[in-house]
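Take the sequence shown: its position 235, counted from the start at 1, is 237 in the numbering used here, and no numbers get skipped.
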Amino acid sequence: MRLKQHVIWGQRGSFILAATGSAVGLGNIWKFPYITGENGGGAFVLMYLLFVATIGIPIMMAEILMGRRARANPIIATQELCEQAGAHKAWSGLGWMGVLAGLMILSFYTVIAGWTLEYSLLAIEGKFTGLDGDASNALFNSLLADSGKVLQWHTVFTLMTIAILALGVTRGLEASVRWMMPLLFLLLFVLLGYAIKEGDFETSLRFMFSFKLEDMSWEGALVAMGHSFFTLSLGMGAIMAYGSYMPSNQSVGSTVLIVATLDTLVALIVGVAIFAFVFATPGISPGAGPGLMFVTLPVAFGNMGVGAIIGTVFFVMVVLAAWTSTISLLEPGVAYLNERFGVSRIIASLLLGFIAWALGLGSVYSFNDWADVQILWGKNFFDSMDFVATNIMLPLGGMLIALFVGWKLRDEIILHDLKFEAAWIFRLWRPVLKYLSPIAVLLFLINGIFPVMRKVFVE
Ligand code: PFF
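Here is the structure:
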């Protein structure tokens with residue numbers, strides 16, 4: 003049941019822009035390099051690329067299809083599609099789990115996005131000039147220790163997210179992504195050029211693209227799989243919510259290929275550049291953890307001729323990239339409250355934004371006052387939240403989406419909704435969705451989670 007009907011985006015490019023805006027974010031620029039560093043480099047990159055191709059792309063198509071068919075937010079969409087497919091109501095739990103995962107991810111995402119606000123200011127003030135590895139570490143640690151400041155930026159970023167959602171997704175989003183993506187790529191190439199010239203580019207390439215079998219682990223594979231969902235914004239309904247605004251005559255397959263390619267390119271370029279600087283800077287190691295980008299890039303910017311300007315523009319871009327992602331984390335819930343109960347978008351975004359903000363307090367203090375407090379499996383609050391939402395809830399949500407579209411939606415429905423697809427895409431996609439994607443997710447979920455648990459119980 004719903005009180006309000008949906009609008010459809012006018013321009014063809016809008017979905018691509020919005021989905022790319024959602025996909026490209028801190029996941030590519032901040033997270034991908036540091037988890038690659040923590041999980042052995044090349045082996046991790048290879049697994050991540052395989053997961054994007056075999057699980058991410060097919061599931062993204064499925065999510066768009068569901069959203070576009072139902073033209074509703076993910077909770078109502080799954081409920082209505084269950085009715086159309088004659089499937090058990092329990093499937094609609096999918097939508098609820100997605101909204102919950104979105105709130106959990108948003109809660110720590112705005113904390114990290116808050117760091118990027120602080121770093122934009124530091125760049126503007128020229129604080130990176132002449133930094134070396136140790137000084138950069140010290141600068142970052144002084145921010146983390148200042149929980150008041152981290153809290154302040156977390157609050158600001160949450161309010162920024164609420165503001166755009168209250169305005170409505172199109173107005174704020176389209177305008178920013180349209181100029182942001184070209185500029186982001188331009189800057190990334192500048193950064194890459196500088197990394198080739200000044201960094202240890204060869205070691206970086208070797209680290210990212212040569213892999214040793216002994217570097218592979220089940221836990222690393224689980225993190226790579228979770229990240230393929232995280233980076234493409236899958237498994238929680240964000241892309242489903244955006245798909246619900248997509249015109250019916252647009253090809254889903256080619257759109258998904260564009261979004262996934264852009265997203266992967268950004269991650270790989272940032273990764274190669276960051277590791278080139280890491281290997282050229284004493285005092286910084288690939289396994290530095292969540293601070294990797296924040297300690298590495300200021301050293302690079304601080305020693306470039308025009309580094310103050312490039313550094314400023316770069317961090318502002320990261321803020322924008324994060325912003326277009328946080329919006330999509332909250333959109334499913336906001337659209338649900340609005341369409342189901344007629345709650346205004348302003349009230350709905352304030353309410354859900356507040357819940358995510360409050361949950362985020364645990365992550366604010368994970369880097370200082372509560373650094374030693376272990377929540378799950380020996381992990382602090384921030385790591386626990388990320389692990390459960392990213393590595394368990396997103397893959398689980400994605401697997402259920404694959405199973406639902408693969409097995410429950412009738413052929414006529416799918417054929418009708420995907421009539422603009424190239425035949426080969428369609429023929430390849432359905433079996434992958436039915437068998438390969440769900441089996442792979444299940445395999446890596448089970449093998450990835452048990453060792454983590456066993457470690458804790460045995461120790
Ligand atoms: N894809 C975003 C990133 O890589 O930063 C994060 C994200 C956005 C995850 C939206 C999930 C989501 F629904």
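Note that the Cβ used here is the ideal one computed from N, Cα and C, for glycine as well.
Sequence-distant Cβ neighbours of N370 in its own chain, meaning closer than 7 Å and more than five residues away, are L146, A147, S149.
W426: member of the alpha helix (DSSP H) spanning 425–433, first to last residue. Going by DSSP, H418 is part of the alpha helix (DSSP H) stretching over 413–419.
Distances taken from the Cβ of M238 to the heavy atoms of ligand 1 include one shorter than 8 Å.
Taken from the Cβ of Y111, at least one heavy atom of ligand 1 lies inside 8 Å. Three or more Cβ pairs drawn from the region 283–294 and the region 128–136 lie within less than 8 Å of each other, which places the two stretches in contact. For F446, same chain residues with a beta-carbon under 7 Å away, outside a window of 5 residues either side, are A223, L224, M227 in chain order.
Distance check between T233 and each of I61, V434, L411 places I61 closest, using alpha-carbon atoms only. Between the alpha carbons of F110 and S365 lies a distance of about 6 Å. Relative to ligand 1, the beta carbon of I241 is positioned inside 8 Å of a heavy atom. If you compare the alpha carbons of I451, L438, W117 with that of I57, the shortest gap goes to L438.
In this structure the region 315–326 does not touch the region 64–78; the number of beta carbon pairs closer than 8 Å is below three. In this structure, K410 lies away from A25, with their beta-carbon atoms at least 9 Å apart.
Ranked by Cα distance from L141, the first of A360, S327, V301, E414 is V301. Here L378 carries a strand assignment [DSSP, helix/strand/coil]. In the displayed model, D136 falls within a helix according to three-state DSSP. Here the distance from the Cβ of I403 to the nearest heavy atom of ligand 1 is not below 8 Å. Under a 10 Å Cβ-count criterion, Q81 is classified as buried, with 16 or more other Cβ atoms of the shown protein chains found around its own Cβ.
Taking the C-beta atoms as reference points, G23 is found nearer than 9 Å to M182. Pairwise C-beta distances place the region 272–282 out of contact with the region 108–127, as fewer than three of them are shorter than 8 Å.
Given a length threshold of 4 residues, each whole run of the alpha helix (DSSP H) inside the region 289–344 is given here in chain order: 294–304, 309–343. Distances from the alpha-carbon of T263 to those of V54, I37, E40, G27 put V54 closest.
Two segments are said to touch when three or more pairs of C-beta atoms, one from each, lie closer than 8 Å; by this definition the region 151–166 touches the region 111–118. In this structure, the C-beta of D388 stays at least 8 Å away from each heavy atom of ligand 1. Of all alpha-carbon atoms in G201, L331, F203, the one lying nearest the alpha-carbon of P76 is that of L331. Measuring C-alpha to C-alpha distances from E200 to each of D388, M306, L28 identifies M306 as the nearest. Segment contact: the region 205–222 against the region 350–363, fewer than three CB-CB distances shorter than 8 Å; contact not assigned.
In the structure shown, E65 adopts helical secondary structure according to DSSP, grouped into three states. The beta-carbon distance between S351 and A103, rounded to whole angstroms, is 18 Å. This is too long to meet the 8 Å contact definition. Counting of Cβ neighbours within 10 angstroms places P440 among the buried residues, the total reaching 16 or more. The three-state secondary structure of R73, taken from DSSP, is coil.
Non-local beta-carbon contacts of P397 in its own chain, meaning distances under 7 Å to residues more than five positions away in sequence, involve M227, G228, F231, G237, V443, L447 in chain order. Only buried fits D265, as 16 or more other CB atoms lie within 10 angstroms of its CB.
Excluding the 5 residues flanking it on each side, G313 has same chain C-beta neighbours closer than 6 Å at A125, F130, F303, in chain order.
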